[in-house]
Each structure stands twice: as C-alpha cells, then as structure tokens.
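Note that the working numbering has the sequence shown beginning at 859, numbered continuously upward. Even for Gly, the Cβ is constructed at its ideal location relative to N, Cα and C. Computed from a predicted structure; not experimentally measured. A quick write-up on the structure given underneath.
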Amino acid sequence: LDREELVLSSVELAIASLSITTDTMATQILSEPVVNGSVKLEETNLRRLLTDLNIDLPPLPDKDALKRLRLETDFSASAEQIKLRDLVFVLDQTTISGQLGLKLQPPKGLAIVVKGNHIDLNRYLTTVDTGDDASKASAQQTQAAALIFAPLAAPLTFLDGGSSKLNINWDNLQMDGLTVKDIHIRGTSKGTTINIEDFSANTLGGTVQAKIKLAQLTSKTPSANFNAQLTDISLEQASSTFADNADIGGKLSAKVTGRSEGATADQLFDRLSAQGTMTLVEPALKNINIEKSYCDVAALVEKIPRRADWPQGTKLNTTEGQFRMQGRTLLLDNLSTGVGNLKITANGEVNLGAEAFNVLATARLNGDRTSASGCVVESTKLRDRDIPLRCKDTFARAGAT
C-alpha cells in the first residue's frame, strides 16, 4: 500500500458453500481511482447453495438442474466505465463466454459480446397445472396481457438516451420439442429504439432470418416493424413439434414484412398488419387424396363405377401465393397448387381469433385426364372450366388442432 496504489492478492470469501477468490489492484486512489482485478467463483452446487441461504426453488422438470455453477472474469472499473473481460459463466452443461463494457458518464453506453454452447430450457421452465380449462384459459389471458417489452425498458431507462451494441452467437437451444441451432443476433439501441439488425438461425430443417425495429419502448404504445425470411422449413418437422395430427408435408419458404404496436401480446396481435409471399415445394397431404375426390365426382356425373385403388394421400404441385395478416385474420390471395393436370386456386380468410375459416377454392381440369396415374374425365361439365368450392367451417368442427 502506498499513497496511490492498493493491492489485495488472493482474497478469499465464503458465503455458505460458495467460495470466491479475488485479486484486486487499485491505482490513482487520491485522484481518479481505477480498479483492476479478477473474480473467480469456484464450482459449486447451486441447489445446495440456495438451500443454505434459505431460498426456495420452484419445482423444476429436471431434478439435476442447477447443480453446477461457476464464474470467472477479469474486470476494470472507474468513475467513467466498467469492463468485464474473459468472462466465463457455467451453469450445468451450459458455458457462456464473452465481455461487457458499460460507460457510466453521459452519453452512457453498453456493449455486450456473448457466445454460448448449448442450453436445454426444458430443464428449467416450470409447467404449472392450473387445473380445469377455465383456469388454464385465465392463465393464458394473464400471460397475453403481460407487458411484453417491460424487460427492455429498464436498461434503456438506465442508459438515459445513450446507446448500446449487442452481439450474440449461440450454438444450440432447445425448448419443448423445438431445436434451434447457429443462432446469431446483432443489434443496437439508441434512446428508446432497438434495432435487431441481423437475426439468423437454423431450425426445422431450414433457416430463419429477420430484421426488427422496436421503437418507443418506454411509452404506453411501443411499436414494432419487421421483415423476415423463412427458407426450406420442413412442415413435417414443424408438425411434429407444434401439432399432434398434422396432415401436410413439404418445404416452406416465405418472405413477410409487417408492423404492429402495443405493450402486450394481445395488443400486438390485434394491431398486426403484414403481407408476404410463400412457396411450398413438394407439398403432400398425408390423409387426403384430392385427385380421388375429383375423380369420384366425375364418376358420379358420368354414372360410371368409382375407382377403388387410390393411394391414401396426395403429392401436390409446388404451391405458391400471397398472404396478408390483419389483426388475427390471415388473408389468402391467389394461392395456387394442383396435382397433375388438375389446377387449384384459393382465396379466403382464416380467422385465428374466432378459430374459423372461409375459403373459396377453384378447381380446373385442363384436358381429359387428371394425371398419368389418375382418371379420364369425359364430361365437358368438369373439363376446361372453373369449378368453385366453398370451404367454410370452424377449427373445432373441421378437426383442426
């Protein structure tokens, strides 16, 4: 210790079962103090530590979760800024490394660089059984009414008009049945606006890319503008992840742009306005044979026996079209597909709020045969002309899940 410098080497602290080791050097003590050093939390059992501190944990799906905790970092601090370098944080099988810089004087600033390997959120997310359907619906309504951007408001308020930079790379994330790999997020903030300049990830056999602008985040009506692109998303993988009895396969590619405003999930959904295009390559219906249905109608009109040896599903031609979202209503514009020489177009709407749909499909057979393996259609009433078919029902009656 002298007039301008203080060195504390290998200082050990113990909090219950947690052991902390620090090395610290303070310089310019009498003028503009600067502190440099390192902190190391020795590996410990986090569950045991929380028990020792009389902190109760909620029930977790995995009894072995939160058993391993370790942290180490180098640091420097002054009245102007705080920096964390060579940061390593370990929780169970997850390792996070990176660095952080915080500028304390106006204009304040924050810079974060993070890299993570793997995390399985299923180990940590509790599932609360709320009992009957009414209680579950009430819980869902409470979640939908929660202030969705509230966690972002606090750091923006602290920065007080300043700016931030964020760069995240994550190898693998699992939640429910969904696996997302090669996650990259690069973003900046200024004042009350956040720009996600680059979001990309691999999931469901394809890729997702997006740019998002969130504005007025500390106000009562934050706004969101976005554009996103999906490439080669497997509908079979998506179906097995999100639905129990999905009937469709193929690879989906889509582009969408849109905006919304609101502080809760409900408000954002209700005020959503978006439009986009989609292409579905190698689409297939597993349990419905459209060609068989058309040929059955032709047999009925022509008063001939119906063919019996049809395969179970349908392999459709590439499906293309445009779509719009207005609040909770999905509008389909000129969706086109078909099988063989049978062309199908569709326009209509799907009301996600009312859980109902109203779609006008038009079938047109060009020629006298549906396909090489299909049926011959003699009737001119069914050939080379548009045959409209109205599909109107609710999800429940139609068997959608």
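Going by DSSP, C1153 is part of the alpha helix (DSSP H) stretching over I1148 to E1160. For the pair V948 and W1028, the CB atoms are not nearer than the 9 Å cut-off. Here the alpha carbon of S934 sits roughly 6 Å from the alpha carbon of I940. Annotated as distal: F1181 and G1108, with beta-carbon spacing of 9 Å or more. Residue pairing for A1221: DSSP places it in a beta bridge opposite I1202 and I1245.
Residue burial is scored here from C-beta neighbours: A872 has fewer than 16 other C-beta atoms within 10 angstroms and is therefore classed as exposed. If you look at S1237, you'll find it isn't in any alpha helix (DSSP H); DSSP assigns it neither H nor E. Within the region 931 to 990, the complete beta strand (DSSP E) runs of at least 3 residues fall at 939 to 949, 952 to 961 and 967 to 978. Taking the Cα positions, T1037 is about 27 Å away from L1005.
Cβ neighbours of R943 within its own chain (closer than 6 Å, five residues either side excluded): D932 and Q957. For T1122, there is no enclosing alpha helix (DSSP H), as DSSP gives it neither H nor E. Annotated as proximal: P964 and G1019, with beta-carbon spacing under 9 Å. Taking 9 Å as the cut-off, the beta carbon of K1113 is found closer than this to the beta carbon of Q1087.
Taking the Cα positions, G895 is about 60 Å away from E1178.
L866 has T882 as its beta-bridge partners, per DSSP.
Around the beta carbon of P1080, a 10 Å sphere encloses 16 or more other beta carbons of the protein chains shown; the residue is thus reported as buried.
Contact annotation: the region 1231 to 1248 touches the region 1148 to 1168, with at least three C-beta pairs closer than 8 Å. Between N1175 and V1208, the gap from beta carbon to beta carbon reaches 9 Å or more. Taking the C-beta atoms as reference points, L927 is found nearer than 9 Å to T902.
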